Structures are given as C-alpha cells and as structure tokens.
C-alpha cells in the first residue's frame, strides 16, 4: 500500500500530495478489502459503536432552543472599563470572569462591551452523528458568534481578543445561570486544553441524562488579517520580550494559530457538510478513524496529542476536495469507508509533517511562510495549520502508529481487525522501555517564557527538546505527556498552574543497537561554531580527545553497568544541566532487567558454539568413516541464544548440547527398523573409538535412551571436549523414516503395530526435522531482534515462577515469544526485555486458545489463506470431537510445522494448565495497567494457596540425588566434609539426563494421571522446592463401583455401592513413593460437594 517515491510530486510551495499517492493505492486497497474479514469486522464495529442519541443526550434539541432563547434575552451594554466589567459580573452575578493568564491590567486602555450573538450554530459529532459509545464524554457543542463591532483592529495583539472573549463568555454564563441555574450545573473548562479558550459547560442536574452542552464563543469571519498572524509573527509580547526590537522577537505560532482558528468553526462545518453530501461513506470513515485514534490515546486535547476526531475528519474532507495534482481531489468520493480509512492511515504514515510543511494546495506566500518548529498540515483556503495543537513528539508517535497499522493492513492473511480497532494501544509499559516522571515546580520556571503554551506544556517542550538531542540515535521515540487541566466552577477563579506542582510523564523507546554506546562523538575541533554548541549543550562533561585514528573530536564519555543504567545517567545529567536540579526525573523502573537468571549474552553463545564447531571439525576430519557426514544440526537451547545463564557454563551439571548428525543418503542402511537402531549404535561406537584415538583429552560415553518402543532411537554418544560441556550426538537415518511410513501405511499389519509406527514416526519428525529447523530459526531471529533472546529467558522464568514450565515446553514458549515479535501490532517490535515481557503477557491474556489457533508465519507469506482456513477448521473439529480438551488443547502451527500438533504433543499443556496461564497473564496485565510504579518481582511470585495439595521437597535430599545422578562413581554420591576435596576425584561430572524433580513428577503423573494434575517450577532450583497438585476428581464426586477404576477409591457410604476418591490413601502412597525426598505434604480443605473439574 505504500506509494512509490517516483509517484510523489513535491511542489515548490511545500509537500503536496498527488492524486496517484492515495487514489491508486486506495483502489488497490479496496480490491483487497472486498469481502475480507477486515471489511466485515469494520461493518460490524460501525453497528456496535452507534450511539442511541435519545438515551445518551435526552431531548437535547429542546435544551439547545431554550439556550438560544436565554442568550438572545441577555441585554447588551456599552463599553466599560475592566474594573467596571469585573465588578458588574462578579458582584452582581457571582461569576468570576475566566480571564486567560495573565489577567488584563486594571488600567488597560481598552474597554469591554456586550451584544447579542450574530449567529448560532451546533457543530461537532452531534451534527454529523459520528459519536461512539466508548468516547470519554458525550456532548453537544453550541457555537455563538460574537459581533464584529465588539472588537478593534489591534485586538489580535497582547491577548486582547481573548480577554474580550472571556468577558463575553462570562456575560453568557450570567444570563444562563439566572434563567437555567436550577436545571443546569455550570462550570468552565478549557477548549482542547488551550489556556486562551475557556468554554461554558452545562451539565443537567438530572443525572439520568449523561450528555453535556458546551457553549463556545467564536470570532466572526475575517476579523483579523491572516497575513498578520503568520507563525513568524510575534503577536503576544510579554515580560522581558517587550524590551527587545520587533524584528528580533521570536514568533508565537501557537498563539497565532489559535487566534486564526477562532473564525473557522462555521467554514469547517461547511467543509464537512460538503464532504458528507458528496461522499456517502465519509461519516463511517470518520467513525473508524475515531475508534482507531481513541484506542491509541489520541484526541483533540493538547494533552491527548492534539489530533482527534475533528482533525481526522477535516483531513479526509480536504483530501476529498483538494490535495491532488493541479488542484484536484486526492481521494475519490466513491471509495468505501474502509478504503477511506486505509488511505488516511497511509497518508499519515507516508507524510512527515515535521521536517517539511504539508500544504493541501499552493499558497500565495509559499511554504516557508507557514513553517513552524512543530508539525504543519496547512489549509491554504482557511489559512490555518490544522495540526497547531500537536507537538513534535505526538506527531512522531501518531506516524509510528500509522506505519504499524499500514504494515499490518498490507498483510491480508493476518488478523487485521482486532489489532487495528479492538486492542488498546496506549499502554505505556507495552510501548516504552523506560518511564520517568518530572515534577514541575512553578518557582523554578520562568512563567513569562512559557506564556503562550502554558507552564506545563512549556516545560514539557523543554524536556523533549533536551532529551531528543541528548539521546539522538540511542532512542527511537521520546514521548512526553501530562494531565488534562480540570474544569472549575463559574464562581471560582481560573486555576493557576503556577500555584501547584504538576507532573510530566516521559516515555522512551530505545534502539538496542546504539543505546549502550559509551562515547558521544561531537564535531572536530576545527569546526568552532559546532564545537561551541556541542560544549554548551553537554556542559562540563564535554572534553576534547585525540583518537587512535588521528581525529581530534569533542566527545562525552559515559559509564554504566548496563545500557539502561547508562541511558538513565544521560537523562539525569542532561535534564539537571539544562533545567536545574528540580528536573531530576523519577524513573518508574520495574526492575525486570534484574529479575530471574542472568541473561545470557552473545559471548556465551559464541563460546558454546566455538566448542561445538571445533568438535564438528574434528569429526569431519576423521578418516575411514563408513559414511560421509552431511551436516551437524544442534537442537538445544544452548545453541540458539536461549540458554538461561552464563553461570550454567561453570556448573558441574551443565546440560548436554544435543546435536543431530546427518550422514549422506545411502542404500547401505538395513531395511529393518530394529537393525537401523543397532546400526546407529555401531556408528556411534565407531565415532567414539576414532575420537579417543585422535585425542586423549576427549572423553566419550555411550548412552541408551529409555524408550517405550524397540523401533525408536536407542542411544546417543556423549562427547566431553571441554569439561563441563558435553555434546550429545544422535544419528539421523533417511531409511528410518521410509520404513516407519511404510509400516504405518501398511494395512496388513495389526492396528497396534501401525499405531506404534505412527507414534515413532511423529517422534522421528520432532527429533530430526522440526527441532533442528526450530533451533536455526530462533538463532536467526535472535540476531535480527536484539531483545528477543532476553525476552525468551524472562518469559521462561515467568512460566517457571508460576509453576507452569512442566506443562509448556521450551520450544512452545519460544514460538509464543517469536509470534509477539513478528506480529507486535498495534505496538512496535519490543526493543527491551521489559516491553517484550509486557507484550507477551498481554498477548497471553487476550489469546482465546479455545477457538483461535496460534499461527506463526516466519516470512509473512509461507502460509496461504487456504492453509489458515484449514487450520481453523481443524481446531473446530478438535473441539467438536473432544469438548473437554483431553487430548488437544493448544493449536500451534508455524511456517514449517502446519499440523498444529508437534509443539504441544511433547510438552504441551493440559486444559487446566492453559486456563491457569490465561488467568495469571490477565492478573499480571491488570497489575501493570493499574500501577505505573510497581516492582516486577510481584509478577514472578508464586502462590501455593491455589493448589489442593503441596508437596514440599527436601533441598538436602534433592542435592544428594543430583550428585548421585551426575556422578560416574558411586563414591562421589557422598560429598566430602572438606570443600576443597569435593571435586578432587579427577572424574568429570556427567550431564544429568533428567533433573530429580522432573523424574519424580513423571512417576507421579504415570501413576495418578486420572486423579491429580501436578505443577512445578524450575527443576534446577532446589531452594524451597515444591510440587503443587490439583484434584481432577473432587472428593464429593461419587461413582458407581466397577472393576478397573483408574484411581484409589473408598466406599462413599457403608450402605451404598458408590465410591469416591480416597484422597488420604493417595497422599499416603505419594509420601511412600517420595520417601525422604518429600519433607512435608500440605493439604488444603476442599468442599465435599464439588464434583468433577
């Protein structure tokens, strides 16, 4: 959908959108969208968000007519001085005039008068019927045009217009209060958070009607010459600026644009009406845009980004009328609502409103005349910058959201509707890597400097400018936000921001590639002007250095224990340097980076990989091998950037690095499955003998798998090139798969033999086909996404801490995290472990795995629409055939494994475990959303109270069993009382085939599969180790006795033939099985009337 740069035409007056930019792409989008799920979902959304205006606003039309009568009845008066005007309103009507700050001087030479409005109009979404159910407030905007004779030619200067406007509004409030004071509650608020524009808000006393009416005074058309209100003009001299020459005064673009916008209410109402009449789908496109913006936290308020429903509607309306080549329309009026929406998103994503002004058509004064420091979308007819309320950071964020949505809409096979319109995309923890808060103390800010913008916005602009320049390419996004100013009663003075402390919230998304840079390079010493600017910005931290390549540069060295600490040091220093010690930010850190096992770095992966490559080279150089080696494929986490920690390398029980050895295709393999397995063992023995002959330092051990079927792989070869790293080699045979496929398809065999062959075939595919490819894919994406490896580790730790890791395999967790990174919409790709974890938890909380398969397309085009449809149908068949989800729970498919079963067949969760995952993810997401400043450790705290039975394990006994399992000598099972002699045997510790907790739970599951569901955390952590269990059959669930019941039972009643689960007996059996491994069996009380789960 992105337009080609060759089709883009830039006029000499500024950036102008040609018709081919949007029309061509929109038509293509319309063709793609035809009958798509996105279009159908949008149509359903439009129906769902429709507002019942009668229910929400009541009989608001009568209220509007009544208001007009009341305002018409207010008597006018001649011009009076400011003291008289203040006394007349405040003493007589008990209303405080909402003067913009600073208040006018009592001895000002101008006077104030009042006359009836020259025009009344109702504007906004009530007229266009584009309100939605979920908007923060429903209301009607009534515009009253002030008569032209009340103003003077110079009123555009020094806030004189806004003072007259405030007085006019106070008179209207006095008249309404006198006539409707018993029916309405009156208050003032700022229009779109602009401190120049107070409006009157009328709230019905009857709380059954939720809507409000806002009375908005506006200027008559053509009140001031627009040429005097250009961005470069200074029309609001105040404070120290009054003593400077006019030609050296900075411009007041926000003040000027706010003043120009005062006479555009009626003209823009006409523009919208024309667009509505010419384009039938215009209103629907505006509703879709409103939903899209609201889900991303945008609105017309300055504190909400300054781009809301009005700006969206005007933008589309103007593109339907102009903006194209030779003054033609950029968009066709025949487009559907979804096509208009897509074209608008594409327009925002492809246009940089900050670097160069965008003009809908040519302007007589040129593009330079309307250029500002902020974003510019200029309407030459009304001569107004529609984006004058936006800030550079809100424009950057809006464009980022538009690009993300556009990227999603360009992939028709993926779910486009929910990320675009349903998902809430303004969650700070999912968006930003670092959150901080700055206190704005009025005593430390020059109020004169921030007069036009207001104290808080002025300080926020300074914070953004400083951080944006300081971080440069370290940060992809710096966002600043503050709270909306509250309304105030009509009998109270205007709230003064300088009377109280305010807060500015900062959100930063870092670039993980550059954020850890320890040196900030500046200009060469020869460039004196730039060098002076560099030293002025960085202050005493800047220094001049000569580098090894001979360059002499200004630079700033930084220190930090990690990238985030370094960036926080930069933020603290630069804000204090430019804004004073009161600007020290309070970082709202969750401490995610410090939780869990130490994050493995690239160096650790390279260390393991180097040892593996050396061994591979050694084996390939062996002479006289019976078959040529084709390739080595590692399949362990240690070989795909996903090992837990660097400390594992120093552990005597470092997990074996599993490798699959692929030989060349040969017809020398025996055509018998048992013989194939024996041949594999012979090949491994031959390799072991040759390795020992090559190097005496290499130790080899042949091991046998504990297999259920004789036709499965029987053994492996453990090679210890460098202690304690063990490389476990298994042999792949093409003949094995061929024989298994033949046996599974041969109808002459018994069903048992065929079932065994199918089972062995699935294990073969998993071990020798899926795992090697999975390992390669994860390694590749870990190099592409710097935060992926750390996120995988922290998500694994979350599953372990919640005692879910035994139900979710490592590979399944990695696929889930990969899905979030490959399809992050509506967010950006996570750039830190914090945003990665938060986005994964949010996905898990929203994923309805009962009805939705998880489809991970690694290349965005490997899975066709028909294949996706088949996956959904297959999941539906699963649910129809197995409603209780006893055999299939999650459907997880990838580009290379489309059956949906492989990742859950070995290590997939039960229904109970999947439900627990969803509940815990929802609880974690709720905590993150409700508490901005919290410790992430609370997300990793396990709760044992939720289990029916808790088996507390003995740490001492677990360590003893582990030593015995990992020792090559029985003597080593007993530790020496002298620590320095404990590892003095000279024998390398063997890799543990399975951890004691894992093996114990395997035994319990085999015995009590029908009775208990077991949960445990990290099997390597023996401190306070525990196993949680939940009864599948509750103690109150009675069943008629029959032979062969799959659980321990007792008679429910002496006179009845019903039996129940003998919980006491089962727990006694478990205690006997565990022996000294179990230190305590804790049982909670379960209601006797609870039946089956």
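Residue numbers (the UniProt record's numbering): 1 to 1093.
Even for Gly, the Cβ is constructed at its ideal location relative to N, Cα and C.
Computed from a prediction, not measured in an experiment: that's the story for all the values here.
As a beta-bridge residue in DSSP terms, residue 704 pairs with 715. For residue 1023 and residue 1080, the gap between their C-alpha atoms comes out near 14 Å. Taking a contact as a CB-CB distance under 8 Å, the pair residue 260 and residue 229 counts as one, their CB atoms being some 5 Å apart. DSSP places residue 468 in the uninterrupted alpha helix (DSSP H) bounded by 455-471.
DSSP, reduced to helix, strand and coil, places residue 333 outside both helices and strands of the structure shown, so it counts as coil. The beta carbons of residue 541 and residue 556 sit about 5 Å from each other, so the pair counts as a contact at 8 Å. For residue 778, the enclosing alpha helix (DSSP H) stretches over residues 771-784.
Distance check between residue 893 and each of 800, 251 and 854 places 854 closest, using alpha-carbon atoms only. For residue 1068, the number of other beta carbons within 10 angstroms of its own is below 16, and it is reported as exposed. Of 364, 1064 and 223, the smallest CA-CA separation from residue 148 is found for 223. Under the three-state reduction of DSSP, residue 41 is assigned to helix. In the structure shown, residue 218 falls within a strand segment according to DSSP collapsed to helix, strand and coil.
Excluding sequence positions up to five before and after residue 662, its CB lies within less than 6 Å of the CB of 630, 631 and 732, all in the same chain and listed in chain order.
Nearest Cα to residue 1066 within the set 672, 1047 and 933: 1047.
A direct Cα-to-Cα measurement between residue 385 and residue 191 gives close to 17 Å. Listed in chain order, the non-local C-beta contacts of residue 616 below 7 Å within the same chain comprise 632, local neighbours out to five positions each way being set aside.
It is roughly 46 Å from the alpha-carbon of residue 1062 to the alpha-carbon of residue 727. Contact annotation: the region 584-593 touches the region 424-444, with at least three C-beta pairs closer than 8 Å. If you look at residue 147, you'll find it isn't in any beta strand (DSSP E); DSSP assigns it neither H nor E. Around the C-beta of residue 472, fewer than 16 other C-beta atoms lie within 10 Å, and the residue is accordingly described as exposed.
For a cut-off of 8 Å, the C-beta gap from residue 172 to residue 200 is around 6 Å, short enough to register as a contact.
Nearest in C-alpha terms to residue 361, of all of 252, 502, 658 and 378, is 378. A Cβ-Cβ distance of about 21 Å is found for the pair residue 918 and residue 1012, leaving them out of contact under the 8 Å criterion. Here the C-alpha atom of residue 822 lies approximately 14 Å from the C-alpha atom of residue 410. Boundaries of the beta strand (DSSP E) around residue 203: 198-204. By the neighbour-count definition (other C-beta atoms within 10 Å, threshold 16), residue 164 is a buried residue. Contact annotation: residue 213 and residue 320 have beta-carbon atoms that are not nearer than 8 Å.
DSSP, reduced to helix, strand and coil, places residue 224 outside both helices and strands of the structure shown, so it counts as coil. The shortest CA-to-CA distance from residue 536 to any of 550, 546, 554 and 549 is the one to 554.
For residue 104, same chain residues with a beta-carbon under 6 Å away, outside a window of 5 residues either side, are 82 and 163 in chain order. Residue 399 holds the alpha-carbon nearest to the alpha-carbon of residue 353 among 309, 399, 299 and 326. Rounded to the nearest angstrom, the gap between the Cα atoms of residue 953 and residue 1078 is 5 Å.
The beta-carbon distance between residue 656 and residue 718, rounded to whole angstroms, is 6 Å. This is short enough to meet the 8 Å contact definition. In the DSSP annotation of this structure, the continuous segment of the alpha helix (DSSP H) that includes residue 160 starts and ends at 160-180. A residue is called buried once 16 or more other Cβ atoms fall within 10 Å of its Cβ, and residue 503, having fewer, is exposed. Pairing residue 277 with residue 317, the inter-Cα distance amounts to about 11 Å.
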